[in-house]
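Quick notes on the structure that follows.
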Amino acid sequence: PGTAKSLLVSVFCEGLGLKQQEYFEYMLTKFTEPSEVMGPVDISALKQGSFIRKTKGHLPEAKIAFLDEIFKANSAILNMLLTIINERKYYQEGSPLPVPLIMLFAASNEIPDFTEFDALKDRFILKVETTSVKDKYFTELIKQGLSFEVNKKQNNQPWVSDCRLEDFILVHDYIISSVFPKAIEGNDDEILGSKEMTKVFKSLIKSLEEEINIEITDRKLIKLYKLIITQAFLFNGGTVTRDNLKILSYCGNNFKDINKIKEMISDYLDRQ
Numbered sequence: 148p149g150t151a152k153s154l155l156v157s158v159f160c161e162g163l164g165l166k167q168q169e170y171f172e173y174m175l176t177k178f179t180e181p182s183e184v185m186g187p188v189d190i191s192a193l194k195q196g197s198f199i200r201k202t203k204g205h206l207p208e209a210k211i212a213f214l215d216e217i218f219k220a221n222s223a224i225l226n227m228l229l230t231i232i233n234e235r236k237y238y239q240e241g242s243p244l245p246v247p248l249i250m251l252f253a254a255s256n257e258i259p260d261f262t263e264f265d266a267l268k269d270r271f272i273l274k275v276e277t278t279s280v281k282d283k284y285f286t287e288l289i290k291q292g293l294s295f296e297v298n299k300k301q302n303n304q305p306w307v308s309d310c311r312l313e314d315f316i317l318v319h320d321y322i323i324s325s326v327f328p329k330a331i332e333g334n335d336d337e338i339l340g341s342k343e344m345t346k347v348f349k350s351l352i353k354s355l356e357e358e359i360n361i362e363i364t365d366r367k368l369i370k371l372y373k374l375i376i377t378q379a380f381l382f383n384g385g386t387v388t389r390d391n392l393k394i395l396s397y398c399g400n401n402f403k404d405i406n407k408i409k410e411m412i413s414d415y416l417d418r419q
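See the structure below:
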């Protein structure tokens with residue numbers, strides 16, 4: 148707690164020039180009602196026999212969302228989230244409607260081992276532990292906190308850049324239309340651009356499953372591949388390197404796995 152997780156996402160959205168109505172954030176508890184996340188029921192429509200939600204200002208209309216304490220979600224909200232995250236749709240009166248969601252961030256102070264959350268955990272491909280920095284960066288932390296308050300008071304946003312959400316969308320569309328087709332048509336043993344990187348990638352996936360008992364589902368494997376390719380495109384012009392494979396360090400499902408995975412990935416890449 149208290150490591151600025153929600154602030155980080157909020158500043159990220161401001162940096163992308165996101166409009167207020169395009170962002171949704173909420174802290175979940177076991178008592179959170181679906182209407183708090185999905186929008187209240189339209190009473191006028193209900194009187195006419197229709198069950199319709201007013202979604203304005205809620206998750207179904209957000210482009211970027213942040214859900215704090217996501218594993219506190221009850222089963223009703225959990226089922227809705229799974230559909231939105233994986234299929235990008237929700238239901239109004241039994242009919243599926245698309246959602247504009249592009250990114251969904253979530254945070255939790257604990258990652259439960261209950262199997263009922265396995266499907267949700269699998270949807271979040273990368274998990275990063277945020278720890279306190281006050282011991283290592285005592286003075287810097289205070290200065291950064293004060294600097295943020297000053298900027299907020301003066302209505303300054305130094306974190307805003309020329310990069311916009313639309314740029315993410317353009318890159319995403321380009322990779323799907325131009326980069327992925329080449330991988331589909333290429334040699335199987337060069338699916339990651341080269342025989343060497345493909346071999347290392349396959350070996351790392353196997354080691355994660357056999358040595359640390361991390362389940363890499365088919366869904367997760369495909370998304371990890373897409374993340375590696377995208378990172379390589381953004382930082383290396385498309386050439387996958389060992390540094391790009393370090394993103395696998397964040398594919399654990401619980402806190403106890405995080406350090407094990409980082410150490411294993413680092414050792415493997417260093418000795419190969």
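Counting in our numbering, the sequence shown runs from 148 upward without gaps.
Quick reminder that beta carbons are idealized off the backbone N, C-alpha and C, glycines included.
Those residues which DSSP pairs with residue i across a bridge
i: Phe213; result: Glu172, Phe252
i: Gln239; result: Ser242
i: Val188; result: Arg200
Presumed contact (8 Å Cβ cut-off) between residue i and residue j, rounded CB distance
i: Leu229; j: Arg270; result: 7 Å
i: Arg200; j: Gln168; result: Wrong, their Cβ atoms sit about 16 Å apart, outside the cutoff.
i: Leu175; j: Glu216; result: 5 Å
i: Met250; j: Ile289; result: At roughly 31 Å, the Cβ-Cβ gap does not stay under 8 Å, so Met250 and Ile289 are not in contact.
i: Ala253; j: Leu214; result: 5 Å
i: Ala312; j: Leu163; result: According to the sequence displayed, residue 312 carries Leu and not Ala. With 8 Å as the limit, Leu312 and Leu163 qualify as a contact, their Cβ atoms being about 4 Å apart.
i: Met411; j: Ile359; result: 6 Å
i: Ile405; j: Leu355; result: About 12 Å separates the two Cβ atoms, so there is no contact after all.
Span of the alpha helix (DSSP H) around residue i
i: Pro181; result: 181-185
i: Lys370; result: 365-383
i: Lys409; result: 402-418
i: Gly292; result: 285-300
i: Asp390; result: 389-392
i: Pro328; result: 327-332
i: Glu362; result: From DSSP, Glu362 is part of no alpha helix (DSSP H); its letter is neither H nor E.
i: Asn233; result: 222-234
i: Lys268; result: 265-270
i: Ile316; result: 312-321
i: Lys152; result: 152-162
Reference residue i; option with closest CA among the options
i: Lys370; options: Thr386, Val347, Ile352; result: Ile352
i: Glu172; options: Leu154, Gly340, Met411; result: Leu154
i: Phe264; options: Ser413, Met411, Asn401, Glu337; result: Asn401
i: Lys274; options: Ser255, Tyr284, Lys300, Lys290; result: Ser255
i: Ile224; options: Ile322, Gly186, Ser294; result: Gly186
i: Glu161; options: Pro148, Asp309, Lys393; result: Asp309
i: Lys177; options: Ala192, Thr388, Asn383, Ser222; result: Ser222
i: Asn233; options: Glu208, Lys268, Ser242; result: Lys268
i: Val158; options: Arg311, Trp306, Pro259, Gly241; result: Trp306
i: Lys472; options: Glu356, Tyr284, Leu312, Thr179; result: What the structure shows of the chain is the stretch from 148 to 419, and residue 472 is not part of that stretch, so it cannot be assessed.
i: Val246; options: Glu276, Ile405, Thr202, Lys299; result: Thr202
i: Ala209; options: Met227, Leu416, Tyr170; result: Tyr170
i: Lys329; options: Asn406, Gly385, Lys194; result: Gly385
i: Ile394; options: Gly149, Pro259, Ser182, Ile272; result: Ile272
i: Ile363; options: Gly333, Thr278, Tyr397, Asp390; result: Tyr397
i: Thr388; options: Asn360, Phe348, Pro148; result: Phe348
i: Met344; options: Leu416, Ile190, Ile361; result: Leu416
i: Thr278; options: Phe295, Glu257, Val297; result: Glu257
i: Lys346; options: Ile190, Leu293, Gly149, Leu392; result: Leu392
i: Pro148; options: Gly196, Val188, Glu296, Val280; result: Val280
i: Met227; options: Gly204, Pro181, Asp189; result: Pro181
Beta strand (DSSP E) segment containing residue i, residue limits
i: Pro245; result: 242-245
i: Lys110; result: For residue 110 there is no data in the structure shown, the boundaries of the chain being 148 and 419.
At least three beta-carbon pairs within less than 8 Å, the segment 317-330 to the segment 377-391
yes
Assess, as a yes-or-no matter, whether the segment 378-395 is touched by the segment 330-345 under the definition of 3 or more beta carbon pairs within less than 8 Å.
yes
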